[in-house]
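Chains as they are written, first to last, in our numbering: chain H, 137 to 574; chain Z, 137 to 574; chain C, 137 to 574. Encoded as structure tokens, the structure appears first; notes follow it.
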């Protein structure tokens with residue numbers, strides 16, 4: 137069960153079709169972010185989603201894939217401690233090194249280029265959640281270019297491109313090396329940590345925290361978009377996890393039912409955990425937090441779906457849902473972080489939880505169990521100790537060059553009018569003053 | 137053309153990918169239900185959809201698949217009249233008996249577990265249509281657990297798991313035995329009859345029937361959601377019907393175009409029938425009823441799509457659309473049943489019509505025509521004579537333990553505020569008083 | 137790389153699954169059209185979409201496929217200039233000539249029947265964009281029947297059915313003959329030219345042009361629908377382009393990544409071009425025009441996606457986005473054409489641009505480069521010189537028989553109330569008077 141440059145034809149075909157559907161996850165996440173914001177920022181939220189997807193595709197095309205690479209292709213390595221540390225891909229820019237002719241031998245790399253392009257798109261959507269309602273469109277595009285062109289490919293190379301994290305197994309006998317089936321780390325934790333950096337840099341929305349630091353609830357404008365987005369995200373994740381399982385961890389098509397059942401069960405149990413916890417705490421289940429739980433369950437499943445039994449997926453989902461629900465509140469109350477979409481908890485925390493859980497629940501035959509948890513820990517440590525500072529520094533620099541936060545006017549009149557010159561719903565009569573000072 | 141435990145690899149691959157997309161049908165149905173209700177219940181409708189999907193997945197994982205099973209696996213049978221009557225599956229609980237390792241030999245059962253999980257999810261969405269705007273979230277989850285964990289698996293075993301209805305052909309020479317390609321019976325009629333039970337138990341919404349019993353129209357709050365949901369449902373049904381045709385009736389990949397053309401034609405002709413009938417009766421075509429017709433056409437096609445020529449699919453769709461349109465009104469006017477989503481007509485009646493139609497239009501080569509209609513009649517009789525009383529009794533019991541209907545306050549202020557503590561669209565100004573007393 | 141009646145089994149399977157997802161493009165386009173109109177016409181826009189899809193499926197079933205045909209099947213030809221000019225298919229009506237039994241040998245034709253049915257559905261959605269807010273439902277259905285039953289199949293036969301445009305390569309040495317991978321010509325240019333005819337025949341909406349001919353902006357009612365629709369359309373086009381590449385130009389499954397990367401890059405660069413141009417011109421990026429750019433990029437990619445390198449796709453997308461953005465304004469300002477959905481520019485112009493671009497950028501190995509551009513020019517000349525007059529004449533005739541435009545009342549009160557008797561959002565309070573006289 138290892139990725140290889142040459143996939144069997146049928147396996148490659150299934151992988152290709154599943155990749156075509158990964159943008160459903162993007163559509164779902166965009167809709168969730170939009171619904172969780174206020175109506176005066178709704179067009180801006182969707183427009184930003186479309187634009188960062190476009191920028192991510194362009195950046196990934198220009199240099200992203202070159203640096204992500206694929207196992208067996210050109211890469212740079214450093215020798216240290218008697219081992220080679222493969223640290224970045226070395227493919228030609230502009231996808232010029234990929235053979236798109238369609239021969240079997242080259243199928244792995246061309247599929248990786250496509251999946252990488254869509255994965256980078258998912259990663260850049262995540263910080264939009266935490267920067268919602270105050271992040272300038274131009275800045276979010278610049279930040280997306282950095283994330284899709286550099287940060288994401290770098291970490292993805294380490295995990296999926298034959299880099300040093302993947303080789304921890306071969307080099308140091310840590311299980312199968314750092315494993316991440318569908319991107320809980322490469323896409324979601326990387327995106328979630330970028331979301332954290334953005335929330336820090338942009339600071340809270342006006343009116344979010346009162347003088348005494350108590351957070352005010354600012355409800356989203358459309359719960360139907362949020363909950364419907366969860367259903368689309370489910371399908372996107374089903375296909376993303378399947379494609380990742382085939383391409384990056386080398387399972388066969390026969391494993392697809394397990395991957396999908398685990399994905400569904402993890403999302404389901406996470407939602408139920410969120411609903412029960414919010415019901416216990418607030419007397420009524422909270423729809424937004426339950427939606428966050430659902431996506432958190434999907435994210436956690438991304439790490440483990442090909443390697444665990446369904447009962448483990450239920451357990452992992454339950455913990456993911458609980459973590460997300462508690463963390464969303466905790467970040468607000470105790471760290472005074474304003475994350476309107478819950479992106480830090482849903483993608484960052486649940487992703488990291490999934491990666492760690494893989495270390496404990498990897499029981500299926502074929503696993504090389506011993507010390508797998510150490511490999512997972514190394515990956516998580518890299519995320520927190522290297523990716524987070526890197527993504528913070530780059531976004532801090534960007535903020536220096538040109539402030540990322542919209543001016544006061546933008547927040548007052550809404551980003552739609554301020555940055556796009558038109559409201560999302562120009563005909564609707566709203567009573568916004570109920571919720572926050574304009 | 138019989139289901140078998142070991143599918144050819146490529147056929148299994150196509151089936152697997154199609155199953156991943158079945159939740160599009162769930163997304164479509166959830167959106168339709170939501171749009172057909174009023175805005176004060178919109179978040180509740182979507183939240184209920186997400187929760188019952190989660191509960192159904194969990195229940196199906198715990199025991200549902202064990203009892204549904206798959207042809208050739210362990211099952212209990214009773215001897216009566218010199219024949220063995222296979223009546224329930226006997227797989228270990230928690231999916232422990234399914235080999236997810238990915239070998240060809242086990243592909244049938246693992247695919248059936250996945251498709252069954254999503255099918256159970258579709259089934260539990262259906263009663264949400266008839267119970268809309270007054271069904272407590274907790275009760276709908278409990279009801280979903282029973283439906284997905286017991287009623288659905290039981291009937292699905294009889295049809296798809298090698299049970300006695302499927303064996304009517306072998307045992308009594310009734311054609312190929314009771315046939316149901318994509319779930320017109322197992323999913324939709326079962327769900328539609330549960331919807332009928334729920335509508336009876338919950339009784340009509342306040343204000344739906346005036347003193348003299350005349351029904352008041354309570355228009356849905358978002359026709360765009362309803363009609364857009366139809367398009368998503370189409371894609372979900374295309375994939376559901378394809379997956380069912382491969383997995384449960386054993387057709388090859390080469391039949392996919394026929395399955396899909398029949399599905400599309402049936403939905404199309406049903407919509408046109410609904411539009412023409414409503415135009416004739418009311419002077420103008422009715423969008424909601426046309427949407428109901430569309431889904432009714434999809435449901436009817438589920439029974440027959442792999443077995444009939446396209447011209448027959450057109451005819452079956454026309455009748456389905458007409459039946460749904462007339463029945464929605466008839467249930468209101470003459471039986472005083474309040475079914476806001478039209479679930480009883482759309483899923484129950486159209487499903488039964490599709491099953492009966494299969495008895496008459498099954499002309500393709502390979503059919504064992506004679507007496508097929510008797511097998512279909514036996515299945516429909518079982519639905520009406522056994523499944524309906526069973527599902528009514530179980531939901532009646534549930535209602536005894538804890539009343540399923542929300543209190544008067546819930547209806548007055550809307551289920552969103554009452555059960556979730558927040559409106560779906562908190563910023564929008566609405567004039568609800570036009571439509572019904574609060 | 138030529139289409140053939142017998143596809144390899146696995147290739148046919150991938151093609152079949154991708155075709156099942158083509159309706160996602162229809163769902164996306166319908167949502168875009170709806171969002172670009174005003175709220176008083178929203179239900180009408182979606183209802184028209186559903187109805188024309190249904191009518192198109194029926195018309196294509198009755199006679200459309202017979203006339204489109206497939207290479208190697210019965211067709212009529214005329215001898216002229218010593219060459220045979222294959223001009224129309226000659227399959228039996230009602231799909232009676234297609235072998236749906238599922239043998240490999242017949243897979244090409246049955247897949248073509250299915251893809252053709254969905255393609256015809258896409259084509260008929262396009263004129264709904266230009267006729268929005270004033271086109272009677274009955275007339276749009278009649279017009280759709282003609283488009284799906286005659287105009288589309290005729291041109292599609294010439295391109296994809298073995299007709300004379302496809303044979304320009306064999307007969308006159310013009311490259312590989314007129315090529316159109318996914319329908320930039322057959323679906324989008326044909327639909328876009330029909331949209332032009334409809335816009336001419338219906339004339340502008342009341343209040344669109346002031347006395348002096350200056351256009352008034354009439355903003356759409358829901359930017360979220362518009363931008364979200366773009367994401368759904370992306371997935372639909374990914375699958376449509378893949379299916380067309382396999383079925384109509386004979387590429388193997390290994391080319392799917394190239395097709396998909398080109399599609400994504402073209403849409404991305406087109407959006408960025410639109411956003412930058414509108415920002416330069418108006419000070420702020422325009423969300424609606426950027427959405428139009430996105431779809432224009434998808435349409436242009438449809439022509440070329442299987443034949444060009446990714447860098448070329450970026451360039452083609454940039455030009456497509458620029459063309460759409462400029463053309464939308466130019467049609468309004470200089471030709472006084474009222475096209476609320478931008479259908480003429482997005483589908484007609486971008487489609488034609490894609491076809492011409494194929495003549496210049498077709499560099500991949502296997503291309504028979506020389507004179508390919510002449511074949512493309514011949515196709516575009518046929519579209520402008522034959523298809524446009526034909527579609528105009530037929531719609532003009534239809535308009536003679538029964539006026540296609542709704543009466544003044546319809547525009548005043550909204551098509552929802554006028555033609556369907558109910559609003560899309562009956563509970564919402566709107567302030568429509570801000571935008572246009574009722």
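Just so you know, even glycine gets a beta-carbon here, dropped at the ideal spot from N, CA and C. Every value quoted in this text rests on a predicted model; they were computed, and no experiment measured them.
Requested in this report: Report the rounded CA-to-CA distance for residue 221 (chain C) versus residue 294 (chain C), giving the unit in angstroms.
Outcome: Roughly 10 Å separates the two Cα atoms.
Query raised in the report: Does DSSP put residue 351 (chain C) in a helix, in a strand, or in coil?
Result: Note: residue 351 (chain C) maps to strand in three-state DSSP.
Query raised in the report: Taking Cβ positions only, does residue 352 (chain C) come closer than 8 Å to chain H?
Result: Interface flag for residue 352 (chain C) against chain H is unset, since no Cβ pair is found closer than 8 Å.
**Report entry** Residue-level contact to chain H via CB, residue 360 (chain C), 8 Å cutoff
**Finding:** At least one CB of chain H lies nearer than 8 Å to the CB of residue 360 (chain C).
Query raised in the report: What's the gap between the Cα of residue 390 (chain H) and the Cα of residue 497 (chain Z)?
Result: The alpha-carbon atoms of residue 390 (chain H) and residue 497 (chain Z) are separated by roughly 35 Å.
**Report entry** Interface flag, residue 570 (chain H) vs chain C, CB-CB below 8 Å
**Finding:** With a pLDDT of 45 at residue 570 (chain H), under the threshold of 50, the modelled position of that residue is not reliable, and the figure given next carries that caveat. Cβ-Cβ to chain C under 8 Å: no for residue 570 (chain H).
Query raised in the report: Using the rule of at least 16 other Cβ atoms within 10 Å of the residue's Cβ for burial, across every protein chain shown, is residue 235 (chain C) buried or exposed?
Result: It is exposed - the Cβ of residue 235 (chain C) has fewer than 16 other Cβ atoms within 10 Å.
**Report entry** Contacts of residue 154 (chain Z) in chain C (Cβ-Cβ under 9 Å)
**Finding:** Within chain C, the residues 153 and 156 have their CB atoms less than 9 Å from the CB of residue 154 (chain Z), given in chain order.
Query raised in the report: Below 8 Å between beta carbons: does that hold for residue 258 (chain C) and residue 155 (chain C)?
Result: Not a contact, by the Cβ cut-off of 8 Å.
Report task. Let me know if residue 417 (chain H) comes out buried or exposed under the rule of 16 or more other beta-carbons within 10 Å of its beta-carbon. Result -> The residue in question, residue 417 (chain H), is exposed, as its Cβ has fewer than 16 Cβ neighbours within 10 Å.
Requested in this report: Check the Cβ-Cβ distances between residue 452 (chain C) and every residue of chain H, and say whether any is below 8 Å.
Outcome: For residue 452 (chain C), no CB of chain H lies under 8 Å from its own CB, so it is not counted at the interface with that chain.
Query raised in the report: chain Z partners of residue 396 (chain H), CB-CB under 9 Å?
Result: Near residue 396 (chain H) (Cβ distances below 9 Å), the residues of chain Z are 152, 155, 156, 250, 253 and 254.
Report task. Report yes or no: do three or more beta-carbon pairs, one from the stretch 262 to 272 of chain H and one from the stretch 328 to 341 of chain H, lie closer than 8 Å? Result -> The answer is yes - the stretch 328 to 341 of chain H touches the stretch 262 to 272 of chain H, with three or more Cβ pairs under 8 Å.
Requested in this report: Determine the chain H residues that contact residue 366 (chain C) at a beta-carbon separation under 7 Å, and present them in chain order.
Outcome: Result: 186.
Query raised in the report: Can you list, in chain order, the stretches of the beta strand (DSSP E) that have 3 or more residues and sit fully within the stretch 219 to 253 of chain Z?
Result: Within the stretch 219 to 253 of chain Z, the complete beta strand (DSSP E) segments at least 3 residues long are 219 to 225, listed from N- to C-terminus.
Query - Three or more C-beta pairs below 8 Å linking the stretch 549 to 566 of chain Z and the stretch 350 to 369 of chain H - result: Between the stretch 549 to 566 of chain Z and the stretch 350 to 369 of chain H there are three or more inter-stretch CB-CB distances shorter than 8 Å, so the stretches are counted as touching.
Query raised in the report: Under a CB-based cut-off of 8 Å, is residue 133 (chain H) close to chain Z?
Result: The question about residue 133 (chain H) has no answer here: the residues shown for chain H are numbered 137 through 574.
Query raised in the report: In three-state DSSP terms, what is residue 302 (chain H)?
Result: Here residue 302 (chain H) sits in coil by DSSP.
Query raised in the report: Considering only residues of the same chain and omitting the five flanking positions on each side of residue 428 (chain Z), which have a CB-CB separation below 8 Å?
Result: For residue 428 (chain Z), where only same-chain residues beyond five positions count, the Cβ hits under 8 Å are 410, 460, 461, 464, 478, 481 and 482.
Query - Rounded separation between residue 210 (chain H) and residue 223 (chain H) - CA only - result: The alpha-carbon atoms of residue 210 (chain H) and residue 223 (chain H) are separated by roughly 11 Å.
Query raised in the report: At which residues does the alpha helix (DSSP H) containing residue 288 (chain H) begin and terminate?
Result: It spans 288 to 296 - the alpha helix (DSSP H) in which residue 288 (chain H) sits, taken as one unbroken run.
Query raised in the report: Given 8 Å as the limit, is there contact between the stretch 485 to 497 of chain H and the stretch 362 to 371 of chain H, that is, 3 or more CB pairs closer than that?
Result: These segments do not touch.
Query raised in the report: Does the stretch 523 to 540 of chain C come close enough to the stretch 313 to 333 of chain C that 3 or more CB-CB pairs lie under 8 Å?
Result: Because the criterion of three Cβ pairs below 8 Å is met, the stretch 313 to 333 of chain C and the stretch 523 to 540 of chain C touch.
Query raised in the report: Do you know offhand how far residue 536 (chain C)'s Cα is from residue 274 (chain C)'s?
Result: CA-to-CA, the gap between residue 536 (chain C) and residue 274 (chain C) works out to about 14 Å.
**Report entry** Close beta carbons around residue 524 (chain H), own chain, < 8 Å, minus the five adjacent residues each side
**Finding:** Correct list, in chain order: 329, 332 and 333.
Report task. For residue 470 (chain H), count neighbouring Cβ atoms within 10 angstroms of its own Cβ and tell me buried if that reaches 16, exposed if not. Result -> So residue 470 (chain H) counts as exposed.
Query - Which listed residue (C:196, C:282 and C:283) has its alpha carbon closest to that of residue 249 (chain C) - result: Residue C:196 holds the alpha-carbon nearest to the alpha-carbon of residue 249 (chain C) among C:196, C:282 and C:283.
Report task. Using DSSP bridges, identify the partner residues of residue 541 (chain C). Result -> In the DSSP output, where bridge partners are listed per residue, residue 541 (chain C) has C:271.
Query - Collapsed DSSP secondary structure at residue 573 (chain C) in the structure displayed - result: Residue placement at residue 573 (chain C) cannot be trusted, given a pLDDT of 46 that sits under 50; the coordinates are not used to answer.
**Report entry** Test item: CB-CB of residue 190 (chain Z) and residue 407 (chain H) under 8 Å
**Finding:** If you check the CB distance, residue 190 (chain Z) and residue 407 (chain H) come in under 8 Å.
Query - Where residue 216 (chain H) falls: helix, strand or coil (DSSP) - result: It is a strand residue.
Query raised in the report: Relative to the C-alpha of residue 396 (chain C), which residue among H:440, H:158, H:420 and H:310 is closest?
Result: Among H:440, H:158, H:420 and H:310, the Cα nearest to that of residue 396 (chain C) belongs to H:158.
**Report entry** 8 Å contact criterion, which residue 298 (chain H) and residue 305 (chain H) should meet: CB distance rounded
**Finding:** That pair is no contact at about 12 Å.
Query - Inter-residue Cα distance where the pair is residue 394 (chain H) and residue 320 (chain H) - result: Rounded to the nearest whole angstrom, the CA to CA distance from residue 394 (chain H) to residue 320 (chain H) is 17 Å.
Query raised in the report: Using a C-beta to C-beta distance shorter than 7 Å, which residues of chain Z count as neighbours of residue 316 (chain C)?
Result: Here the premise fails: no neighbours, minimum Cβ distance about 21 Å.
Requested in this report: Could you tell me which uninterrupted alpha helix (DSSP H) segments, each at least 4 residues in length, are contained entirely in the stretch 456 to 530 of chain Z, listed from first to last along the chain?
Outcome: If we require 4 residues or more, the alpha helix (DSSP H) runs fully inside the stretch 456 to 530 of chain Z come out as 486 to 497 and 508 to 518.
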